[in-house]
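A.B. asks: Dropping a structure here in structure tokens format, bear with me for questions.
2 protein chains.
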Amino acid sequence: MTRAGSVPELVTAARTGQVRAVARLISLVEDASPLLREAMAALAPYAGNAHVVGITGAPGVGKSTTTSALVRELRSRGQRVGVLAIDPSSPFSGGALLGDRVRMGDHATDAGVYIRSMASRGHLGGLSWATPQALRVLDAAGYDTVIVETVGVGQSEVEVAGLADSTIVLLAPGMGDGIQAAKAGILEIGDLYVVNKADRDGAAAVRRDLRSMLALADRAEGSWRPPVLTAVATKHEGLDEVVDKLEAHRAWLAESGAGTDRRRRRAREEVAAIAVTELRSRWDTLSGSVELDTLAEDVLAGRLDPYAAADALLAASD
Amino acid sequence: MTRAGSVPELVTAARTGQVRAVARLISLVEDASPLLREAMAALAPYAGNAHVVGITGAPGVGKSTTTSALVRELRSRGQRVGVLAIDPSSPFSGGALLGDRVRMGDHATDAGVYIRSMASRGHLGGLSWATPQALRVLDAAGYDTVIVETVGVGQSEVEVAGLADSTIVLLAPGMGDGIQAAKAGILEIGDLYVVNKADRDGAAAVRRDLRSMLALADRAEGSWRPPVLTAVATKHEGLDEVVDKLEAHRAWLAESGAGTDRRRRRAREEVAAIAVTELRSRWDTLSGSVELDTLAEDVLAGRLDPYAAADALLAASD
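Chains Y and B, in that order, give the protein sequences. Residues 1 to 318 in UniProt numbering are what the first sequence lists, from first letter to last. Residues 1 to 318 in UniProt numbering are what the second sequence lists, from first letter to last.
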């Protein structure tokens, strides 16, 4: 493969299934490259077709294994699949790359699968800033399903739910999940609940507890009722039902109009995150600027009042 | 006195010593009034003459009493004196008004003294936003010395040092001050240290400890060496020396050029605080705007990329 140079070349290459072009476009996102703007503009017309699936859960529930099994199931149904594994605790993507190779084990020779780890902490706006743009790359490159996997730590599981069309919350027995679920507010964010490691003691209890907690939720007529499924990802058990329910949820999103609402909210947050980042960088430039020094001098001398000086400062940034 | 109506009338009245006009101008600051901008523009040419003295210290060291005694000493030397008492913990100025009356006891009939309590928490930018503007009112109204008194809690003592030409750090025996001083970083901010309640046990020890800690500081040739004085504010003892040292510090500020540096930094921070407040309010408007909804819709439809949408959003605010 020749190394594509310009952004239009990269976009064309990515859309014809060239994995290296996809990788380079996502690197533009990770690096907050000056070319990112041009790339997003070139990709925009092609985005909006992928089914974005979020997977979240506490450490140890088997997210990587389940993601890998889910990819295998989706591939068996003829889909092209992209995976973004987000590590909100890591400021570096270097460490995550080793993880990629481990993950890639099952899919390394499969051109229909693209897996990428992203570190989000180094970014100005964290998960909310970088992930939607990486999603747009995979979406425009023609992956049918894009999976966003994140560790359920802090706010990240809520953020991933905000990005996804369908959110899978993963649990496992022996982790006090019932209580964790209620605490972390995951009862509000799941479209599907999957109790992984279902061959272990306590899986039935986790499922039962979760079902009774979900039954307490006050859901409007016609709204989606999140199913609670079981799986043993290491043995590839239960994944067919997970994908069936994902497809059912996708159909419900389309019929009810809820899908468009979610995507509109996602677009709104993406635009807002970029605008805030831009405002912040303008401000960083201003607050260290010669203009501010000069204006302060004018205020000191009584030639300008501080409001007029602030106006002049802001005008210099517009 | 007739009630001055327009901003130019208020400014003229304040400059001819009418206390009510001064009070109304400071109320414009407290209320973040739409007239504030016009008032600051009208006051700007007259500001820059007052000696701004900050007084800070832990609760219980006798700040109000010392301020009152300092006012009396400055009055005896023929100065007009303004006092801003800042309470960073109070969101209301109402409660502070009672405190004013107590403070005013000694000076209630003296037209050469103006005392005002300000609550700072309610403001967008807190102390840093409102205080410099209230200072400008008193400065332009012709008060020779303006005292800013604040409780040494959190960051407020550092902020007051940033605003003042000369900062007095007040201590008292029996409060574990030596350790407190080192902890709070007040060793860096004082231009004068005053051990109040010097007739109590332990005052000499506080003075000695403080002096040895200050002696450890690495000061450049020609820099100011903060004196450690003693006072008994309730008996008006030691205040003459405090004012003598304040005058000496003022002279040093003028001769060394350090005074202009401090004022330039103050003007810089004031302009920056106003600009940040303005940016924040623009953003609040934008993030709840119809524009953002419309732009998100365009992004969703692939008509716009998120960067172009963010640009359009920001342009709508400029």
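Idealized CB from N, CA, C, for every residue including glycine. None of the values given here were measured: they were computed from a predicted structure.
Indicate whether at least one CB of chain B lies closer than 9 Å to the CB of Y143 of chain Y.
C.D. replies: Here residue 143 of chain Y is taken as the residue at index 143 of the first sequence, counted from 1. It does not: the Cβ of Y143 of chain Y has no partner Cβ on chain B nearer than 9 Å.
A.B. asks: Quick check on DSSP: helix, strand or coil for residue 319 of chain B?
C.D. replies: As displayed, chain B neither begins before 1 nor continues past 318, which places residue 319 of chain B out of reach and without an answer.
A.B. asks: Using the beta-carbon count (16 or more within 10 Å), is E73 of chain B buried or exposed?
C.D. replies: Reading the second sequence from its first residue, position 73 is the one you call residue 73 of chain B. Classification of E73 of chain B: buried, given that the 10 Å Cβ count is 16 or more.
A.B. asks: For P306 of chain Y, decide whether its Cβ has a neighbour in chain B, counting only Cβ atoms nearer than 9 Å.
C.D. replies: For the purposes of this step, residue 306 of chain Y is taken as residue 306 along the first sequence, with counting starting at 1. Chain B, which has a Cβ nearer than 9 Å to the Cβ of P306 of chain Y, makes this yes.
A.B. asks: Find the nearest neighbour of A13 of chain B within the set B:I55, B:L192, B:A141, judged by alpha-carbon distance.
C.D. replies: As a position in the second sequence, residue 13 of chain B is number 13, starting the count at 1. Here the closest residue by C-alpha is B:A141.
A.B. asks: Under three-state DSSP, which class holds L295 of chain Y?
C.D. replies: Mapped onto the first sequence, residue 295 of chain Y falls at position 295. Helix, per DSSP.
A.B. asks: Apart from the five residues just before and just after V113 of chain B, which ones in its own chain have a Cβ nearer than 7 Å to its Cβ?
C.D. replies: The count along the second sequence starts at 1 and reaches residue 113 of chain B at position 113. Same-chain partners within the cutoff: V71, R75, V81, H107.
A.B. asks: Once DSSP output is grouped into helix, strand and coil, what is the label at L229 of chain Y?
C.D. replies: Working through the first sequence from its first residue, we reach residue 229 of chain Y at position 229. L229 of chain Y falls in the strand class under three-state DSSP.
A.B. asks: Between A42 of chain B and A315 of chain Y, what straight-line distance do the alpha-carbon atoms span, to the nearest angstrom?
C.D. replies: Position 42 of the second sequence, counted from the start, is the residue given in the question as residue 42 of chain B. Position 315 of the first sequence, counted from the start, is the residue given in the question as residue 315 of chain Y. Each residue's alpha carbon lies about 22 Å from the other.
A.B. asks: Taking its Cβ as the centre, do 16 or more other Cβ atoms sit within 10 Å of A45 of chain Y, making it buried, or is it exposed?
C.D. replies: By one-based count along the first sequence, residue 45 of chain Y stands at place 45. Contrary to the premise, residue 45 of chain Y reads as Pro rather than Ala in this sequence. By the neighbour-count rule (16 or more Cβ atoms within 10 Å), P45 of chain Y is not buried but exposed.
A.B. asks: Can you list, in chain order, the residues of its chain whose CB lies under 6 Å from that of T150 of chain Y, leaving out five sequence neighbours each side?
C.D. replies: To locate residue 150 of chain Y, count along the first sequence from 1; it is residue 150. T56, I86, S156, V160, listed in sequence order.
A.B. asks: Does D311 of chain B get closer than 9 Å to chain Y when you measure Cβ to Cβ?
C.D. replies: In the second sequence, residue 311 of chain B corresponds to position 311, counting from 1. Chain Y, which has a Cβ nearer than 9 Å to the Cβ of D311 of chain B, makes this yes.
A.B. asks: Examine the Cβ distances between the segment 298 to 316 of chain Y and the segment 266 to 273 of chain B and report whether three or more of them are shorter than 8 Å.
C.D. replies: Result yes; three or more Cβ-Cβ pairs closer than 8 Å.
A.B. asks: When the distance is taken between beta carbons, is V232 of chain Y closer than 9 Å to R211 of chain Y?
C.D. replies: Locating residue 211 of chain Y in the first sequence gives position 211, counting from the first residue. Locating residue 232 of chain Y in the first sequence gives position 232, counting from the first residue. Contact: no.
A.B. asks: Once DSSP output is grouped into helix, strand and coil, what is the label at V7 of chain B?
C.D. replies: Looking up residue 7 of chain B in the second sequence gives position 7. Here V7 of chain B sits in helix by DSSP.
A.B. asks: For a test of the three-state rule: what should DSSP assign to I189 of chain B, helix, strand or coil?
C.D. replies: Numbered from its first residue, the second sequence carries residue 189 of chain B at position 189. Coil.
A.B. asks: Taking the alpha carbon of residue 327 of chain B as the reference point, which residue from B:A275, B:N196, B:L28, B:R77 has its own alpha carbon closest?
C.D. replies: Outside the displayed range of chain B (1 to 318) lies residue 327 of chain B, so it cannot be described from this structure.
A.B. asks: For my contact list, V83 of chain B and T67 of chain B are in at a C-beta cut-off of 8 Å; report their separation, rounded to the angstrom.
C.D. replies: As a position in the second sequence, residue 83 of chain B is number 83, starting the count at 1. As a position in the second sequence, residue 67 of chain B is number 67, starting the count at 1. Yes, V83 of chain B and T67 of chain B are in contact; Cβ-Cβ is about 6 Å, under 8 Å.
A.B. asks: Cβ atoms of G302 of chain Y and A21 of chain B: under 9 Å apart, would you say?
C.D. replies: Here residue 21 of chain B refers to the residue found at position 21 of the second sequence. Here residue 302 of chain Y refers to the residue found at position 302 of the first sequence. In this structure, G302 of chain Y does not lie closer than 9 Å to A21 of chain B by Cβ.
A.B. asks: When the Cα of D144 of chain Y is compared with those of Y:V29, Y:R250, Y:L35, Y:I26, which residue comes out closest?
C.D. replies: Stepping through the first sequence from its first residue, residue 144 of chain Y is reached at position 144. That would be Y:R250, whose Cα lies nearest to the Cα of D144 of chain Y.
A.B. asks: Unbroken alpha helix (DSSP H) runs of length 4 or more, entirely within the segment 36 to 76 of chain B: which are they?
C.D. replies: Entirely contained in the segment 36 to 76 of chain B, the alpha helix (DSSP H) runs reaching 4 residues are, in chain order, 36 to 43, 63 to 76.
A.B. asks: Going by beta carbon distance, what residues of the same chain come within less than 7 Å of T234 of chain B, once the five residues before and after it are set aside?
C.D. replies: Here the question's residue 234 of chain B lines up with position 234 in the second sequence. So the qualifying residues of the chain are T65.
A.B. asks: Since V29 of chain Y contacts L35 of chain Y with CB under 8 Å, what's their CB separation in whole angstroms?
C.D. replies: Within the first sequence, numbered from 1, the residue matching residue 29 of chain Y stands at position 29. Within the first sequence, numbered from 1, the residue matching residue 35 of chain Y stands at position 35. About 10 Å separates the two Cβ atoms, so there is no contact after all.
A.B. asks: For V7 of chain B, which of B:S117, B:R116, B:V137, B:D110 has the nearest alpha-carbon?
C.D. replies: Position 7 of the second sequence, counting from 1, holds the residue named residue 7 of chain B. Comparing Cα positions, the closest option is B:V137.
A.B. asks: What residues match up with R116 of chain B in a beta bridge as DSSP calls it?
C.D. replies: Position 116 of the second sequence, counted from the start, is the residue given in the question as residue 116 of chain B. In DSSP, R116 of chain B forms a bridge with B:L84.
A.B. asks: For the segment 246 to 274 of chain Y, which residues have a beta carbon sitting closer than 7 Å to at least one beta carbon of chain B?
C.D. replies: So the close ones are R263, R264, A267, R268, E270, V271, A272, I274.
A.B. asks: Does any residue of chain A bring its CB to less than 9 Å from the CB of Y193 of chain B?
C.D. replies: Protein chains in the displayed structure are Y and B, and chain A is not among them.
A.B. asks: Considering L279 of chain Y, what are the terminal residues of the alpha helix (DSSP H) in which it resides?
C.D. replies: Taking the first sequence and counting its residues from 1, the one referred to as residue 279 of chain Y is at position 279. Element bounds for L279 of chain Y: 258 to 287.
A.B. asks: How long is the line joining the alpha carbons of S256 of chain B and T131 of chain B, rounded to whole angstroms?
C.D. replies: Taking the first residue of the second sequence as position 1, residue 256 of chain B is located at position 256. Taking the first residue of the second sequence as position 1, residue 131 of chain B is located at position 131. Straight-line Cα distance between these residues: approximately 26 Å.
A.B. asks: Which same chain residues end up closer than 8 Å to V243 of chain Y when comparing Cβ atoms and leaving out the 5 residues on each side of it in sequence?
C.D. replies: The residue given as residue 243 of chain Y occupies position 243 in the first sequence. So the list reads L70, E73, L74, R77, once near-sequence residues are dropped.
A.B. asks: Exposed or buried, D31 of chain Y, counting other C-beta atoms within 10 Å across all chains shown (16 or more means buried)?
C.D. replies: Taking the first residue of the first sequence as position 1, residue 31 of chain Y is located at position 31. Exposed, since its Cβ has fewer than 16 Cβ neighbours within 10 Å.
A.B. asks: At a CB-CB cut-off below 9 Å, which residues of chain B make contact with D293 of chain Y?
C.D. replies: Counting from 1 along the first sequence, the entry for residue 293 of chain Y is found at position 293. Per Cβ cutoff of 9 Å: R264, R268.
A.B. asks: In terms of DSSP beta bridges, what is T137 of chain B paired with?
C.D. replies: Taking the first residue of the second sequence as position 1, residue 137 of chain B is located at position 137. Here residue 137 of chain B turns out to be Val, not Thr, going by the sequence shown. None; V137 of chain B has no bridge partner.
A.B. asks: Quick check on DSSP: helix, strand or coil for T109 of chain Y?
C.D. replies: Indexing the first sequence from 1 puts residue 109 of chain Y at position 109. Coil, per DSSP.
A.B. asks: Using a Cβ-Cβ distance under 9 Å, would G122 of chain B count as near chain Y?
C.D. replies: As a first step, residue 122 of chain B is located in the second sequence; it is residue number 122 there, counting from the start. Its pLDDT being 47, under 50, G122 of chain B is placed unreliably by the model, and nothing is read from it.
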